[in-house]
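Beneath this line is the structure, given in structure tokens, with notes to follow.
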Amino acid sequence: MMAPAPTSLLLAEDLAVGYFLRRKNARVVAGPLHLALHPGELVCLLGPNGAGKSTLLRTLAGLQPPLAGRLEVGGVPLAALSAAERARQLSVVLTDRLDAATLTVQELVRLGRHPHTGWLGSLTAYDHAQVAAALAATGTTAFAARLVGELSDGERQKVMLARALAQDTPVVLLDEPTAHLDLPNRVALMRLLHRLARTTGKAILLSTHELDLALQAADRVWLLPATGALRTGTPEDLVLSGTFAAAFEREGLAFDSASGTFALHTPSGPAVQVVGEGAAAFWTRRALEREGFVPIAHPAPLRVTVPAGAQAPRWLVQLGDRPAQSHETIEALLRALPQLPKFEKPSVNATA
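Heads up, my numbering is the position in the sequence shown plus 241, with the first residue counted as 1.
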């Protein structure tokens with residue numbers, strides 16, 4: 242028996258997004274789109290610059306009208322919701338910096354309860370509990386009394402997320418939440434978003450340029466290429482089908498589906514058979530590619546055997562029937578390769 246389809250917190254059918262030019266001529270950026278957000282899912286919106294990711298996100302948030310199609314939130318047309326009703330269904334974190342430098346972290350997060358408190362803005366015990374839970378979930382309780390203007394970029398992004406969580410909406414939309422963060426904070430934020438989707442049952446949609454992190458963290462990917470023909474699916478299905486690589490071909494990026502990364506170099510030198518497995522083999526292949534070699538698994542005149550264990554590691558290099566050379570590090574291996582008889586260092590082409 243087939244499992245029932247999951248409930249859609251946000252649904253779009255035949256949606257066209259874009260903007261109006263002069264004389265009210267519409268310019269469609271992407272569409273027609275068929276989209277759905279489900280409870281407990283982290284969805285990453287990916288695509289090259291100019292594909293329309295921000296336009297789509299702003300349309301889903303109700304910040305600009307769709308050009309065509311049907312858009313529902315909680316089973317109700319988004320256009321039929323008042324501003325207050327929409328704020329109880331959708332919370333939005335944009336890249337625009339909020340002018341809140343003189344507020345404390347706790348005061349800013351409390352603003353997330355505004356859609357639920359009425360025009361007086363008085364917080365009940367339940368509202369205070371929601372604020373405290375949002376601070377705890379994002380790890381910002383420790384600096385709740387600090388001014389927002391004193392925060393680092395990473396801390397500020399967590400606080401903005403806390404405000405969205407305090408708003409307690411079924412759907413959370415974030416535009417480039419990892420922008421301007423260093424790598425540890427980007428990883429921490431993506432991990433946090435994935436955990437929050439699981440533990441709260443919210444549908445979280447974010448646009449991002451962090452392609453490698455998105456492939457690891459997302460439950461589903463919305464892939465918007467420059468053509469505007471959006472594709473959706475699990476990251477693994479989009480990678481294995483070639484859809485992910487095709488979306489970024491125009492950017493001059495070569496995607497390696499085996500490692501889930503974009504290739505920086507295009508080796509053009511001789512083939513090298515790499516014998517071995519595990520981390521040592523992976524990083525040996527990476528170093529050889531950087532130097533212009535083409536690592537392969539089948540036999541070749543030039544062979545590199547990587548160490549099998551951590552005890553007294555040795556890299557063995559053999560050219561044809563000549564005696565093998567032993568090297569203690571990859572650096573020593575790379576220095577030795579051009580010195581082999583009748584061997585010239587290959588050229589390397591950097592991918593644009």
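Cβ coordinates follow ideal geometry from the N, Cα and C atoms, glycine included. Since the model is a prediction, treat every value here as computed from it, not as a measurement.
Runs of beta strand (DSSP E) with 3 or more residues, each lying fully within the region 301-328, are found at 309-314, listed in chain order. When secondary structure is reduced to three states using DSSP, Ala420 falls in the coil class, being assigned neither helix nor strand. Counting along the chain, Glu569 sits inside no beta strand (DSSP E), nor does DSSP assign it H or E at all. Beta-bridge annotation (DSSP): Gly259 is paired with Val269. Going by beta carbons, Gly442 and Pro280 fall inside the 8 Å limit. For the 8 Å CB-CB criterion, Thr379 and Ala342 do not form a contact. Its Cα nearest to that of Leu252, the residue Thr300 stands out among Lys265, Leu287, Thr300 and Val270.
Counting only residues of its own chain and dropping the five nearest sequence neighbours on each side, Asp453 has a CB closer than 7 Å to the CB of Gly501 and Thr502.
Taking a C-beta distance under 8 Å as the contact criterion, Thr382 and Leu388 do not qualify as a contact pair.
In the structure shown, Leu364 adopts coil according to DSSP, grouped into three states. Within the same chain, and ignoring the five residues on either side of Ile445 in sequence, the residues whose Cβ sits closer than 6 Å to its Cβ are Leu283, Val413, Leu434 and Ala438.
DSSP lists Cys285 and Gly474 as the beta-bridge partner residues of Val462. With 16 or more other Cβ atoms from the protein chains shown falling within 10 Å of its own Cβ, Arg327 counts as buried. The beta-bridge partner set that DSSP reports for Pro536 consists of Val513. In the DSSP annotation of this structure, Ala499 is not part of any alpha helix (DSSP H), being labelled neither H nor E.
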